[in-house]
Each structure stands twice: as structure tokens, then as C-alpha cells.
Amino acid sequence: MTTTEWITDIALVLVVFRQLREDRLDRRTFLIPLGIVAFVAYSYLDSVPTGGNDLVLIAALAGAGAVLGIAGGVYTRIRPLDGHLVIKAGAVSAILWVLGMGARMGFQVWVEHGGGADDVARFSVAHHITSDQAWVTAFVLMAVTEVVTRVGTIYLRSRGSARAVAAAAPAVPVLDRTA
């Protein structure tokens, strides 16, 4: 793995660890993880291979990312506090996030340094996966999908909570200027 790959993977893990302490839900909650995966997608997605069963592999890993992301978003606590929403990743959310990130990092280290390249090559031939780029695309889209669905789930959940905060807020008196 390159230094850039380690930095981006660690940054994505730190995003959730930052949310283990309760903090105000704001634009940074959404923009930081989306910015990181946009950088990763731009850096690694040159093409989407479509030969053989490449799309099946890509769809399977993207689907796994979606499941992890939605579950992570569901297990993130969002609550009103002093007229604002605060967010805190629960233990399940953090475990799912680290599981997804760890699986990707572990696979990459295993292939590059643990002798897994031959096993992956045999698996690819046996299952009609046509290129190394299919694996890269599948894992990048898994990460992107995990982040986007987690952030999207948190956003959708926060909209319901924001309406509750607004409904509970005391009405601001309006001055009658007709008199």
C-alpha cells in the first residue's frame, strides 16, 4: 500500500472515531467523509470493467458497502440538545465501519505482501473476473457506497430529528405593525 492509501484509509477510520464522542451535527459531518471518498474515487476509478463477471464482483462489494453504510447510519445516535442536533456513533456503528475498512485494508495487504495474489488470480480465473481493475473498482466502490449510504442515512434521520427540534422550539413573538 502506498502512503496515500494508508493516509486515506486511516482518515476514514478517524472520521467515525471522531464521532465516538458526541458532537454537533453540522456540514462537516457530511462534507469531510464525502470529500475523502471523492478524492479516493477520483484517484482510483479510471474505468469500470464490464467483462466476464466483473460487474457481479463490483455489485456484490458495492452491495456489502451499502449494507454496512446503512447499518452504520442506523446505529448512529442523533438527538436534540440545546436547539441543535448532536451525533454520536455507537459501538455497533464504529465496529461496522472498522470492519468494512479493515476488510479492505486487510485484503490489500494480504494480496500485496501476504502471498494472496496467486489465490486471487486463481479465484478470478475460476469466476471469470477479467482484470485487476475489477478488484480495484469493486473495493473503491464498496468504500464509496459505504460512506455515501452512511452519510445519507444520517442525513435522512437528522431531517426527522430537525423537524422535532423545530416543533419543540418556543414560538418567536411576531410584532404586529398594523396598529
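The sequence shown begins at 1 in UniProt numbering and counts up one residue at a time.
All C-beta atoms, glycine included, are put in the ideal place defined by N, C-alpha and C.
- In this structure, the beta-carbon distance from V37 to V144 falls below 7 Å.
- When DSSP states are grouped into helix, strand and coil, L85 belongs to the strand group.
- For the set V147, V151, G160, I129, the Cα lying nearest the Cα of L55 is the one of I129.
- Taking C-alpha positions only, D119 is separated from F39 by approximately 30 Å.
- P33 sits in a helix when the DSSP states are folded into three classes.
- Cβ neighbours of G72 within its own chain (closer than 6 Å, five residues either side excluded): S93, L96, W97, R150.
- Sequence-distant Cβ neighbours of G102 in its own chain, meaning closer than 7 Å and more than five residues away, do not exist here.
- If the five residues before and after H84 are omitted, its C-beta is found closer than 7 Å to the C-beta atoms of R24, all from its own chain and listed in chain order.
- The beta carbons of A138 and L57 sit closer together than 7 Å.
- Taking the Cα of V147 as reference, the smallest distance to any Cα among D9, L34, A134 is reached at L34.
- Annotation for V48: no alpha helix (DSSP H) segment contains it, and DSSP assigns it neither H nor E.
- With respect to the 7 Å criterion, I78 and S158 are classified as neighbours on the basis of their beta carbons.
- Nearest C-alpha to I10 among T153, D132, R104, I154: R104.
- Residue pairing by DSSP places D23 opposite I87 in a beta bridge.
- In the three-state reduction of the DSSP assignment, I129 falls in the coil class, being assigned neither a helical nor a strand state.
- Note on geometry: alpha-carbon atoms of V13 and V140 lie some 15 Å from one another.
- Here T2 carries a coil assignment [DSSP, helix/strand/coil].
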